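One structure is given here, and the rest of the page talks about it.
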Amino acid sequence: MSYIRLLATLYLSSLCLVQSLAFVFDEASFSPAKFARDRYARSRNWTTTGRQVDPTKDFIHALDFVALVNNFGYPAEEHRVTTADGYKLRIHRIPGSPRNRQALGKPIVFLQHGVLGSSDMWALMGPNRDLAYILADAGYDVWLGNVRGNTYGRSHKRFSPEYNREFWQFSYHEMAMHDIPTSIDYILHKTNQSSLSYVGHSMGTTISYALLSTRPEYNQKINLVISLAPVAFWREPMRPFISFLKKNSPFIKSLLAYIFSYFPAGASTKTLMHFSQNIISGDFRAYDYGKMRNLARYKNEIPPLYNIKRITAPVALIYGRGDSLVSPSYPYDLAKKLPNVVTVEPVPHKKFSHMDFLYSKDIKILLNDRILNLLNRFTYNSNAV
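Residue numbering for the sequence shown is 1 to 385, as defined by full-length UniProt numbering.
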């Protein structure tokens with residue numbers, strides 16, 4: 001069984017990276033050696049000399065989130081939170097926009113990245129493309145989460161990520177039980193508001209379901225969940241990525257080296273193992289430690305299911321028809337189990353893939369305008385969706 005899990009973990013890890021690489025494999029000019037040289041050159045050169053950097057043309061150092069957003073002319077903040085189990089996380093905020101001077105009473109949107117990602121993923125392409133800037137322009141108070149183990153989550157009260165294995169003993173369960181609720185509570189306290197809207201991508205959807213099903217009080221703190229490429233359980237095998245490699249997704253291929261200055265941002269092996277367990281079982285369960293440790297932790301030999309029927313917050317499911325991780329039938333199966341689904345819909349592009357939710361060249365028209373419409377309708381009229 002452990003061998004099967006190892007294979008599943010390796011397969012999932014490969015898929016996560018292949019989803020980011022596959023759109024260039026049909027390019028005859030792609031060279032791994034050249035890619036490595038370009039990434040090194042990018043990490044060694046600064047061109048931020050008082051002018052705005054064009055990421056499609058300039059070789060730039062991988063800026064941190066605040067510098068990245070400031071470079072595009074938007075305000076940005078970094079906030080620090082500490083979870084109950086000692087992880088120190090940096091979460092980010094875009095409190096305004098040069099295109100919208102509204103200051104007070106703005107509705108909050110919380111953006112949560114997927115596996116191997118960070119808050120940077122929502123801000124790389126700049127205004128008129130990235131969801132973070134589009135929401136800020138529309139008058140939203142935009143907050144962006146980070147989880148333990150990524151670029152902005154590598155600090156702990158007691159453990160070092162470099163020297164202590166204990167630091168990496170977490171799966172997405174701990175993110176759901178600690179990282180996300182700690183971030184949400186901080187944001188609501190900081191802004192003196194009672195609820196926010198949650199937009200998650202990939203693993204960002206997984207941890208929202210785990211949180212809301214296990215700690216149902218958070219259903220009152222989230223007024224709308226928008227799930228992009230939703231992932232909880234698998235009822236059918238993922239489509240072979242050989243066929244995926246042949247797809248021509250609407251990804252911006254010229255930005256590959258730029259994106260890989262920020263991605264992957266880090267994750268624990270245990271997180272990938274947790275996903276592999278769900279793939280093997282076909283269920284959405286807490287982490288499986290083995291019978292003896294499960295008994296000690298869960299009082300049962302089998303880890304408990306996340307009961308998604310307890311999720312009462314309204315949920316919108318948006319999927320890609322070219323996504324190798326999420327089959328087109330899956331969101332509809334998921335919707336049958338969720339008690340308050342407001343929409344299930346595909347992105348209107350037949351080859352829209354898992355990473356196109358962040359980096360499609362047509363992302364504003366295909367996806368982000370729809371997300372904004374959903375948020376506007378639900379935030380300002382909770383009875384209309």
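C-beta atoms are modelled at their ideal positions from N, C-alpha and C, and glycine is treated no differently. Since this is a predicted model, take the numbers as computed values, not measurements.
Cβ-Cβ distances below 8 angstroms link Lys364 to Asn128, Arg129, Ile134 in the same chain, with the five nearest sequence neighbours on each side left out; the list follows chain order.
Its chain contains Gly320, Leu366, Leu367 as the residues whose beta carbon lies nearer than 6 angstroms to that of Val347, once the 5 sequence neighbours on both sides are disregarded; these appear in chain order.
Pro127 sits in coil when the DSSP states are folded into three classes, being neither helix nor strand. Excluding five sequence positions before and after Arg158, the CB atoms of its chain that fall closer than 7 angstroms to its own CB belong to Gly86, given in chain order.
Ranked by Cα distance from Asn70, the first of Ser268, Pro98, Val81 is Pro98. Taking C-alpha positions only, Tyr306 is separated from Phe170 by approximately 17 angstroms.
Under the three-pair Cβ rule at 8 angstroms, the segment 285-297 does not count as touching the segment 194-201.
Cβ atoms of Gly96 and Ala132 stay farther apart than 8 angstroms, at about 12 angstroms.
In chain order, Ser249, Gly320, Gly322, Asp323 place their CB closer than 6 angstroms to the CB of Ser353, counting only its own chain and leaving out the 5 sequence neighbours on each side. With the rule of 3 Cβ pairs closer than 8 angstroms, the segment 110-130 does not count as touching the segment 161-169. For Ala296, the enclosing alpha helix (DSSP H) covers residues 291-298. Within the same chain, and ignoring the five residues on either side of Val326 in sequence, the residues whose Cβ sits closer than 8 angstroms to its Cβ are Ala229, Pro230, Val231, Tyr319, Gly320, His354. For Arg370, the three-state secondary structure derived from DSSP is helix. The alpha carbon of Leu334 has as its nearest neighbour, out of Leu89, Ile311, Leu374, the alpha carbon of Ile311.
Ranked by Cα distance from Ile91, the first of Pro181, Asn223, Glu174 is Pro181. Each residue's CA atom was taken as its position, placing Pro303 and Phe284 some 10 angstroms apart. By the neighbour-count criterion, in which a residue is buried when 16 or more other Cβ atoms sit within 10 angstroms of its Cβ, Ser118 is buried. Within its own chain, the residues whose Cβ lies closer than 6 angstroms to the Cβ of Arg154, once the five positions on either side in sequence are excluded, are Pro161, listed in chain order. For Lys309, the CB contacts under 7 angstroms within the same chain, skipping 5 residues up- and downstream, are Lys337, Pro339 in chain order. A Cβ-Cβ distance of about 17 angstroms is found for the pair Met177 and Val115, leaving them out of contact under the 8 angstroms criterion. Where Lys88 is concerned, there is no enclosing alpha helix (DSSP H), although the beta strand (DSSP E) around it starts and stops at 88-94. Here the alpha carbon of Thr379 sits roughly 43 angstroms from the alpha carbon of Glu301.
Boundaries of the alpha helix (DSSP H) around Asp333: 330-337. Here the C-alpha atom of Arg93 lies approximately 12 angstroms from the C-alpha atom of Thr191.
For the 8 angstroms CB-CB criterion, Ile226 and Ile371 form a contact.
Here Asp356 is buried, its C-beta having at least 16 other C-beta atoms within 10 Å. Within the same chain, and ignoring the five residues on either side of Leu375 in sequence, the residues whose Cβ sits closer than 6 angstroms to its Cβ are Ser197. Straight-line spacing of the CA atoms in Tyr289 and Ile207 works out to 19 angstroms. 8 angstroms or more divides the Cβ of Met175 from the Cβ of Arg215. Rounded to whole angstroms, the separation of the alpha carbons of Thr269 and Ser276 is 11 angstroms. Closest in C-alpha terms to Val66, from the list Tyr152, Phe110, Val344, Leu212, comes Tyr152. For the pair Leu317 and Val341, the CB atoms are nearer than the 8 angstroms cut-off. The Cβ atoms of Gly139 and Ser183 lie no closer than 8 angstroms to each other.
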